[in-house]
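Asker:
Numbering (the UniProt record's numbering), first residue to last: 1 to 387.
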């Protein structure tokens, strides 16, 4: 089976982890700060806070922005559930903004229309989570302009997008957002096995997220309510969580980060090769905005079902039967039973629903060979009955 994604672990990665195992620190040592510093230097942000998952990063980002009961978080329906669940964790209400039919990201025009209506009705969002689906950045300049007009805060869910660029600048600089989130899950562009990171240029947001990731406990005298009882002393000044990243994970991340640009370049080469090989088939290949350089975490095709006699499900099942580990990213969040119980209807976001009816994620990972890619293309041809 050719998987849709696969980590690349090299000898230097293994040695980096072994070095930590031989050291005095398995957690809360010097390697996590080293990883954070390396990512800030790469992305161009002032602060980076490493945590145990991107979901944890989204949670503390929302809390740091003051999201709470009575507030609204808006995001895209085409994303993993964590992009919406983070709002629910904070006691907020969640809504969605339909997607752009070309990029599959949150649509700025749909966002503007929804904001105009929400302003009239008195329930503007406090936070908008802009998801960079497949690694292609959202139109952040347009979303940021709307945030200035309507007063919401912005989280970039860049779980798919480390190493990508927007307007020539690495994603993660937070030029158009308050906080950016990265994921280091094994199928992502670089991995720490599990792990995530929150980046920001705001000192206060960074301080708050730092507290929240580690129980709300501090040894910083400036944050304490009174003078320390002694050198052993710490205080819990907030209600935080155990969201810390381990030294082992950070060591793997530091090593992987050295190959980030090569990974993204290889993914783009493979994506362009897919574009060329699939050009004559009844599929829509991923459109790339000229302002973006995608991290190419995923390669999603959409079937032109009016040009073929087979169904979406038949194509998907045929590919799986041929040993191609395709997937579907994602089932629209608002159609999940948990969200339908809140009152969402399947057809609330028609572009997202059309996408779901046609989308299939083909295998794409940096160690993928051209022979494997040719096998995928051949399987797509057979599945579409046009070979």
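No residue lacks a Cβ here, since even glycine has one placed at the ideal position from N, Cα and C.
Predicted model, so just to flag it, every value in this text is computed and none were measured.
Can you check which of these residues, 239, 171, 124, is closest to residue 148 by C-alpha distance?
Answerer: Along the chain shown, read from residue 1 onward, the residue named residue 148 stands at position 148. Nearest option by C-alpha distance: 124.
Asker: Go ahead and label residue 368 buried or exposed: buried means 16 or more other beta carbons lie within 10 angstroms of its beta carbon, across all protein chains shown.
Answerer: On the chain shown, residue 368 is found 368 positions in, with the first residue counted as 1. Residue 368 comes out buried.
Asker: Residues in the same chain with beta-carbon distance under 6 Å from residue 387, minus the five sequence neighbours each way, listed in chain order, please.
Answerer: One-based indexing of the chain shown puts residue 387 at position 387. Unreliable positioning characterises residue 387 in this predicted model, as indicated by a pLDDT of 43, which lies under 50. A coordinate reading is not provided.
Asker: For a test of the three-state rule: what should DSSP assign to residue 381, helix, strand or coil?
Answerer: Stepping through the chain shown from its first residue, residue 381 is reached at position 381. Residue 381 falls in the helix class under three-state DSSP.
Asker: If you drop the 5 nearest sequence neighbours on each side, which residues of the same chain put their C-beta closer than 7 Å to that of residue 216?
Answerer: The residue you call residue 216 lines up with position 216 of the chain shown. 236, 237, 238, 239, 240, listed in sequence order.
Asker: Hey, out of 71, 249, 232, 62, whose CA is closest to residue 157's CA?
Answerer: If you number the chain shown from 1, residue 157 lands on position 157. Residue 157 has its Cα closest to that of 62, out of 71, 249, 232, 62.
Asker: Hey, which unbroken runs of the alpha helix (DSSP H) at 4 residues or more fall wholly within the region 65-91?
Answerer: 82-89, all fully within the region 65-91.
Asker: What number of angstroms, rounded off, separates the C-alpha of residue 207 from the C-alpha of residue 360?
Answerer: For the purposes of this step, residue 207 is taken as the residue at position 207 of the chain shown. For the purposes of this step, residue 360 is taken as the residue at position 360 of the chain shown. C-alpha separation (whole angstroms): 41 Å.
Asker: Based on the DSSP secondary-structure assignment, which residues constitute the bridge partners of residue 289?
Answerer: Residue 289 sits at position 289 when you count from the first residue of the chain shown. BP columns for residue 289 are empty, so no partner.
Asker: Assuming residue 182 is part of the beta strand (DSSP E), what are its boundary residues?
Answerer: As a position in the chain shown, residue 182 is number 182, starting the count at 1. Residue 182 -> beta strand (DSSP E) spans 179-183.
Asker: Would you list the residues sitting across from residue 96 in a DSSP beta bridge?
Answerer: Reading the chain shown from its first residue, position 96 is the one you call residue 96. Note: residue 96 sits in a beta bridge opposite 75.
Asker: Quick check: the region 95-110 against the region 262-278, are there 3 or more CB pairs under 8 Å?
Answerer: Counting Cβ pairs under 8 Å, fewer than three are found: no touch.
Asker: State the start and end residues of the unbroken alpha helix (DSSP H) segment that holds residue 313.
Answerer: What you label residue 313 is simply residue 313 of the chain shown in a count that begins at 1. It spans 312-321 - the alpha helix (DSSP H) in which residue 313 sits, taken as one unbroken run.
Asker: Just the C-alpha distance for residue 283 and residue 38, rounded to the nearest angstrom, thanks.
Answerer: Translated into positions along the chain shown, residue 283 becomes position 283. Translated into positions along the chain shown, residue 38 becomes position 38. Between residue 283 and residue 38, the C-alpha separation is close to 40 Å.
Asker: Can you check the region 183-213 for any beta strand (DSSP E) of at least 3 residues that lies completely inside it and give the ranges in chain order?
Answerer: Taking only runs of at least 3 residues, the beta strand (DSSP E) segments lying wholly in the region 183-213 are 196-200.
Asker: From the DSSP output, in three-state form, read off residue 40 for me.
Answerer: Counted from its first residue, the chain shown places residue 40 at position 40. It is helical.
Asker: Could you give the distance in angstroms between the alpha-carbon of residue 341 and the alpha-carbon of residue 311?
Answerer: Position 341 of the chain shown, counted from the first residue, corresponds to residue 341. Position 311 of the chain shown, counted from the first residue, corresponds to residue 311. Approximately 29 Å between the Cα atoms of the pair.
Asker: Helix, strand or coil for residue 16 per DSSP?
Answerer: One-based indexing of the chain shown puts residue 16 at position 16. Three-state result, residue 16: helix.
Asker: Keeping to the same chain, check which residues put their C-beta closer than 6 Å to that of residue 101; ignore five residues upstream and five downstream.
Answerer: Locating residue 101 in the chain shown gives position 101, counting from the first residue. Hits under 6 Å: 351.
Asker: Is the region 151-168 touching the region 51-70, taking contact as three or more C-beta pairs under 8 Å?
Answerer: Verdict: yes, contact present.
Asker: Is the distance from the Cβ of residue 194 to the Cβ of residue 53 below 7 Å?
Answerer: Indexing the chain shown from 1 puts residue 194 at position 194. Indexing the chain shown from 1 puts residue 53 at position 53. Yes, the Cβ-Cβ distance between residue 194 and residue 53 is below 7 Å.
Asker: So which of 105, 354, 95 has the shortest CA-CA distance to residue 288?
Answerer: Position 288 of the chain shown, counted from the first residue, corresponds to residue 288. Here the closest residue by C-alpha is 105.
Asker: Check this for me: beta carbons of residue 99 and residue 137, under 7 Å apart or not?
Answerer: To locate residue 99, count along the chain shown from 1; it is residue 99. To locate residue 137, count along the chain shown from 1; it is residue 137. No, they are not a contact pair.
Asker: Restricting to Cα atoms, I'd like to know which of 92, 57, 175, 146 is closest to residue 46.
Answerer: Along the chain shown, read from residue 1 onward, the residue named residue 46 stands at position 46. The option with the nearest alpha carbon to residue 46 is 175.
Asker: Using three-state DSSP, classify residue 166 as helix, strand or coil.
Answerer: Taking the first residue of the chain shown as 1, we reach residue 166 at position 166. DSSP places residue 166 in strand when its eight states are reduced to three.
Asker: Can you check whether the C-beta of residue 346 is within less than 7 Å of a C-beta belonging to chain B?
Answerer: You won't find chain B in this structure, because it holds only one protein chain.
Asker: Can you tell me which of 55, 345, 347 puts its alpha carbon nearest to the alpha carbon of residue 160?
Answerer: The residue you call residue 160 lines up with position 160 of the chain shown. Here the closest residue by C-alpha is 55.
Asker: Measuring CB to CB, does residue 428 end up less than 7 Å from residue 94?
Answerer: With the chain running from 1 to 387 in the structure shown, residue 428 is simply not present.
Asker: Looking only at DSSP bridge pairs, what is residue 2 linked to?
Answerer: The residue given as residue 2 occupies position 2 in the chain shown. For residue 2, which the question treats as bridged, DSSP gives the partners 324.
Asker: Considering only their Cβ atoms, is the gap separating residue 260 from residue 196 smaller than 7 Å?
Answerer: Translated into the one-based positions of the chain shown, residue 196 becomes position 196. Translated into the one-based positions of the chain shown, residue 260 becomes position 260. No, Cβ-Cβ distance for residue 196 and residue 260 is not below 7 Å.
Asker: To the nearest angstrom, how far is the alpha carbon of residue 376 from that of residue 4?
Answerer: Counting from 1 along the chain shown, the entry for residue 376 is found at position 376. Counting from 1 along the chain shown, the entry for residue 4 is found at position 4. So the two alpha carbons sit approximately 10 Å from each other.
Asker: For the alpha helix (DSSP H) that residue 147 lies in, which residues bound it at each end?
Answerer: Counting from one through the chain shown, the residue named residue 147 turns up at place 147. Start and end: 140-150.
Asker: From this set, 295, 281, 211, 132, which residue's C-alpha is nearest residue 269's C-alpha?
Answerer: Your numbering for residue 269 matches position 269 in the chain shown. Nearest option by C-alpha distance: 295.
Asker: Identify which residue in 144, 142, 92, 74 has its Cα closest to the Cα of residue 118.
Answerer: Stepping through the chain shown from its first residue, residue 118 is reached at position 118. Among 144, 142, 92, 74, the Cα nearest to that of residue 118 is on 74.
Asker: With 16 as the cutoff for other CB atoms within 10 Å, does residue 290 come out buried or exposed?
Answerer: Locating residue 290 in the chain shown gives position 290, counting from the first residue. Burial call: exposed.
Asker: What residue range is occupied by the uninterrupted alpha helix (DSSP H) comprising residue 118?
Answerer: The residue labelled residue 118 in the question sits at position 118 within the chain shown. Segment 108-121, the alpha helix (DSSP H) holding residue 118.
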